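Presented below is the structure to which this report refers.
Residue numbers (full-length UniProt numbering), protein chains in the order written: chain A, 1 to 288; chain B, 1 to 288.
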């Protein structure tokens, strides 16, 4: 120590502590990097909406029909006289206005050609970048239907009894349904609709499925209209917490997530529905 | 300097640098705190899906038609012979399969009774807890249409030129569209579809609109089918970043968020569409 001048000691100590503190601070800085992916703090919640740019969904504003430049062809159109347009639109509304969510479904078989046609109709829906990100799993096998029922009733019972807070349980007392879903056994067909949350390029890389949930929901809207048009009934269900188990049961890949389950058939003889009204046109439409 | 021993100098220097580096590191640690809001790391992405319990959406599994206990009434049903079901479902598919996203819309007026009817049809969609969380804003006024066009083209130009990274810009070169949206002026009607992300109880408190985006998207699917049935064309658009400005322009409340904008009319004489095919039934349907 007696060989070192005070100045040299000072310089060495400063260097040592500097290096030590930098080694300590390094991981902190590395850890901070992922924060760049968080939403910018200046986006006020009231100003956020589904048209904000999302990292995964931002590339499609008009729903481009393909990612390749494709040939354009003349559009051929069926135009009706005005009087017929009014009549057709009125009849379509009246047909759909008879649709109700029916929970009492007969075990009578339905023609499978009709099921094919309603799913083909659903498949005409537009989708972000023409990705057509939907898979319709049609379950007719009684054993598989029963397994689906077991999974849903098991999860639903836990939902009802454990996962819900006291407010939720109180709210649900008003409803007449519980976790017993008899229609999952009796309906001749269950249609499980999966959204493909991403796709795969030929090289195996993930491809983005823009607006996949909205696209598949639009397809479900067309499916509901097609079922009503064919004289079949269903009820729109979104089984809570059952998606992963049902996906595994049905051997669907991990990029597919359950969006909806529709039990499909004829109504049972004693089917009832809640006596409810729909909003009137002036409650849902504003003209500018 | 000669009064200080080398040891004392060493201690003072270590303390000074330690304090200096801590003062430097302090803000780093404070900045890191917001990371606690990130999703819990134990939720594996592959296990997440739309059937997971969401805080706001968890209370509706079957889409209950009301929050009040309501009287049940017998369900009346129109049943067709099997042959007719097959025929009807086939015709409905063929009608919808002719639908295309059309970006070239004539300025010819359309009968407003038809617009009323297609929106009434859309309003028959099911919704979580029968909340009917949709508002259809029908814009006919040329000045308002032009203001909408200005907002959308302004934001879209920024989207194209500034908000998109180089990959995005490259990707978009494949497409034939840009930020010029002539149809926003020429289409006789623009339908802007807003989702009500929550409602209001009589006491002014917020009420939950379960699955509002899925519900409104289903209604849009029915709307697209109704437009096609009436012989009108449209293109599904989701204008990026324009929601808040359009909401303010149209005087919609803050609980309403723009989901979609549909320009509606007849196709222009020279309308073209990309020459694209849809997936076949066996590419979208799996039978079990």
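Backbone N, C-alpha and C define an ideal beta-carbon position, used for all residues, glycine too. Note that the coordinates shown come from a computational prediction; the quantities given were computed from them, not determined experimentally.
Closest by C-alpha distance to residue i, when choosing among the options
| i | options | result |
| --- | --- | --- |
| residue 317 (chain A) | A:160, A:74, A:128 | Outside the displayed span of chain A (1 to 288) sits residue 317 (chain A), for which this structure offers no information. |
| residue 153 (chain A) | A:190, A:283, A:240 | A:240 |
| residue 237 (chain B) | B:249, B:156, B:200 | B:156 |
| residue 158 (chain B) | B:272, B:189, B:109, B:242 | B:242 |
| residue 284 (chain B) | A:122, A:221, A:250 | A:122 |
| residue 225 (chain B) | A:245, A:189, A:125 | A:125 |
| residue 278 (chain B) | A:130, A:265, A:246 | A:130 |
| residue 198 (chain B) | B:105, B:92, B:134 | B:134 |
| residue 105 (chain B) | B:287, B:269, B:280, B:286 | B:269 |
| residue 77 (chain B) | A:288, A:276, A:232 | A:232 |
| residue 207 (chain B) | B:132, B:116, B:143 | B:132 |
| residue 69 (chain B) | A:205, A:276, A:108 | A:276 |
| residue 281 (chain A) | B:102, B:120, B:97, B:107 | B:120 |
| residue 286 (chain A) | B:80, B:92, B:116, B:178 | B:116 |
| residue 107 (chain B) | B:248, B:179, B:141, B:79 | B:141 |
| residue 98 (chain B) | A:79, A:87, A:100 | A:79 |
| residue 103 (chain A) | A:211, A:87, A:203, A:179 | A:179 |
Distance CB(residue i)-CB(residue j) smaller than 8 Å
| i | j | result |
| --- | --- | --- |
| residue 139 (chain A) | residue 192 (chain A) | yes |
| residue 187 (chain B) | residue 263 (chain B) | yes |
| residue 184 (chain B) | residue 145 (chain B) | yes |
| residue 257 (chain B) | residue 195 (chain B) | yes |
| residue 274 (chain A) | residue 209 (chain B) | no |
| residue 246 (chain B) | residue 151 (chain B) | yes |
| residue 261 (chain B) | residue 190 (chain B) | yes |
| residue 213 (chain B) | residue 148 (chain A) | no |
| residue 250 (chain A) | residue 288 (chain B) | yes |
Local conformation of residue i per DSSP, three classes
| i | result |
| --- | --- |
| residue 65 (chain A) | Any reading at residue 65 (chain A) is ruled out, since the residue's pLDDT is 47, under 50, leaving its predicted position unreliable. |
| residue 196 (chain A) | strand |
| residue 137 (chain B) | strand |
| residue 240 (chain A) | coil |
| residue 74 (chain B) | strand |
| residue 206 (chain A) | strand |
| residue 180 (chain B) | coil |
| residue 233 (chain B) | strand |
| residue 119 (chain B) | helix |
Terminal residues of the alpha helix (DSSP H) in which residue i lies
| i | result |
| --- | --- |
| residue 95 (chain B) | 82-97 |
| residue 274 (chain A) | Taken as a continuous stretch (DSSP letters only), residue 274 (chain A) belongs to no alpha helix (DSSP H), being part of the beta strand (DSSP E) at 272-274. |
| residue 215 (chain A) | 212-230 |
| residue 130 (chain A) | No alpha helix (DSSP H) holds residue 130 (chain A); DSSP gives it neither H nor E. |
| residue 142 (chain A) | 142-158 |
| residue 187 (chain A) | Premise fails: residue 187 (chain A) is in no alpha helix (DSSP H) and is neither H nor E. |
| residue 108 (chain A) | No alpha helix (DSSP H) contains residue 108 (chain A), which DSSP labels as neither H nor E. |
Limits of the beta strand (DSSP E) - the one that residue i falls within
| i | result |
| --- | --- |
| residue 262 (chain B) | 256-264 |
| residue 286 (chain B) | 285-287 |
For residue j and residue i, believed in contact at Cβ under 8 Å, the rounded distance
| i | j | result |
| --- | --- | --- |
| residue 227 (chain A) | residue 137 (chain A) | Residue 227 (chain A) to residue 137 (chain A), Cβ: 16 Å. No contact. |
| residue 75 (chain B) | residue 272 (chain A) | 6 Å |
| residue 82 (chain A) | residue 253 (chain B) | About 35 Å separates the two Cβ atoms, so there is no contact after all. |
| residue 85 (chain A) | residue 230 (chain B) | 5 Å |
| residue 219 (chain A) | residue 221 (chain B) | 6 Å |
Closer than 7 Å: residue i CB and nearest the ligand MN heavy atom
| i | result |
| --- | --- |
| residue 142 (chain A) | Judged by which ligands are present, the structure shown has none, so any question about the ligand MN falls away. |
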